[in-house]
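Let me begin by presenting the structure, written as structure tokens, before commenting on it.
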Amino acid sequence: MNIFSGMVLISFETFLLVFVRMTGLFVIAPIFGRQNVPTHTKIGFAFFNALILVNTVSLQKADMDAGIFEYALLVGKEFLVGVAIGYVAYMFFSAIYTAGQLIDTQIGFGMVNVLDPLSNIQISVTSNFYYIMCMLVFLTIKGHHALIKALFDSYSLIPIGKAAFNDILLNDLLRIFAETFSIGFRICAPVTAAIIVVDVALGIISKSIPQINVFVVGIPLKLIVGMALLIITLPYFMSLIKSLTALINSETMNILKDLVPAK
Numbered sequence: 032m033n034i035f036s037g038m039v040l041i042s043f044e045t046f047l048l049v050f051v052r053m054t055g056l057f058v059i060a061p062i063f064g065r066q067n068v069p070t071h072t073k074i075g076f077a078f079f080n081a082l083i084l085v086n087t088v089s090l091q092k093a094d095m096d097a098g099i100f101e102y103a104l105l106v107g108k109e110f111l112v113g114v115a116i117g118y119v120a121y122m123f124f125s126a127i128y129t130a131g132q133l134i135d136t137q138i139g140f141g142m143v144n145v146l147d148p149l150s151n152i153q154i155s156v157t158s159n160f161y162y163i164m165c166m167l168v169f170l171t172i173k174g175h176h177a178l179i180k181a182l183f184d185s186y187s188l189i190p191i192g193k194a195a196f197n198d199i200l201l202n203d204l205l206r207i208f209a210e211t212f213s214i215g216f217r218i219c220a221p222v223t224a225a226i227i228v229v230d231v232a233l234g235i236i237s238k239s240i241p242q243i244n245v246f247v248v249g250i251p252l253k254l255i256v257g258m259a260l261l262i263i264t265l266p267y268f269m270s271l272i273k274s275l276t277a278l279i280n281s282e283t284m285n286i287l288k289d290l291v292p293a294k
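Just so you know, the sequence shown maps onto residues 32 to 294 in the working numbering.
Here it is in structure tokens:
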């Protein structure tokens, strides 16, 4: 069967709305939204995924009786649906950056930043290491497949042009934003707690033995303790990524349910 037959059956206007929702996901989602992925590659990937979708999923045609301005509004709504799905994964991946930045501040790497060519921002060394590990595990357990599947499944919940943006959706998005900080703090908690203990011990030593220069001893000591704990807690971090991926899937479904139109 001709792969373009689905576009003909549902009309080009409806296919364009499907394509726009797919594009919204690839703009912000992890892996797909990275700056090292060329724009024409993202557009082409979204286009062919939209072609596959219209040939495999039963779609409801959009109401095209309205004018050009109403259609432009539908395009905007469909784009926001795709962005909302990708936003969930993007925010949870941002928790990795937060955790790495907090750890580097504690162990003395706070001023050591590197330019991430993929996101074009300055990030800390530990953040870069954590993010690379997170991406590898995410790809290994096929988390990127889950994002595309969530977008395909969204059409069974949210027909084309029927997305409902309400206060419940806004509250859930804000809750996810706040939860990313909580996850970041939990990731860096072991290292932060150990460094606090080291600081307390150095403070006691400086009062008990004033002859010891705690600044000379403290900097390498906190670095050694921090690096040792990073290695020790790495298996815990790997398992956390798997649970984080499951959390992304569940929160994505919550967002989709928030977008379901009222009956």
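From the three backbone atoms N, C-alpha and C, an ideal C-beta is built for every residue, glycine too. Please read all numbers here as calculations on a predicted model, not as lab measurements.
Supposed close pair residue i, residue j - CB separation, criterion 8 Å
i	j	result
residue 6	residue 245	Nothing can be reported for residue 6: it is not among the residues displayed for the chain, which extend from 32 to 294.
residue 49	residue 191	7 Å
residue 116	residue 181	6 Å
residue 56	residue 178	7 Å
residue 219	residue 133	4 Å
residue 123	residue 211	6 Å
residue 176	residue 169	About 10 Å separates the two Cβ atoms, so there is no contact after all.
residue 282	residue 106	Actually they are not in contact, since the Cβ atoms of residue 282 and residue 106 sit about 26 Å apart, beyond 8 Å.
residue 140	residue 125	Not quite, the Cβ-Cβ distance comes to about 19 Å (not below 8 Å), so this is no contact.
Cβ-based burial, residue i [other Cβ within 10 Å; buried from 16]
i	result
residue 75	exposed
residue 61	buried
residue 161	buried
residue 217	exposed
residue 45	buried
residue 109	buried
residue 135	buried
Rounded separation between residue i and residue j - CA only
i	j	result
residue 278	residue 214	11 Å
residue 114	residue 58	7 Å
residue 32	residue 271	Confidence is the limiting factor: at residue 32 the pLDDT is only 47, short of 50, which leaves the residue's position unreliable, though a coordinate-based value still follows. Near 44 Å, if we compare the C-alpha coordinates of residue 271 and residue 32.
residue 259	residue 54	42 Å
residue 266	residue 225	18 Å
residue 184	residue 87	11 Å
residue 51	residue 208	25 Å
residue 204	residue 104	22 Å
residue 257	residue 138	6 Å
residue 231	residue 127	27 Å
residue 172	residue 198	33 Å
residue 68	residue 78	15 Å
residue 243	residue 250	13 Å
As assigned by DSSP and simplified to three states, the class of residue i
i	result
residue 279	helix
residue 154	strand
residue 290	coil
residue 61	coil
residue 139	coil
residue 159	helix
Endpoints, alpha helix (DSSP H) assigned at residue i
i	result
residue 189	First-last for residue 189: undefined, no H or E at that position.
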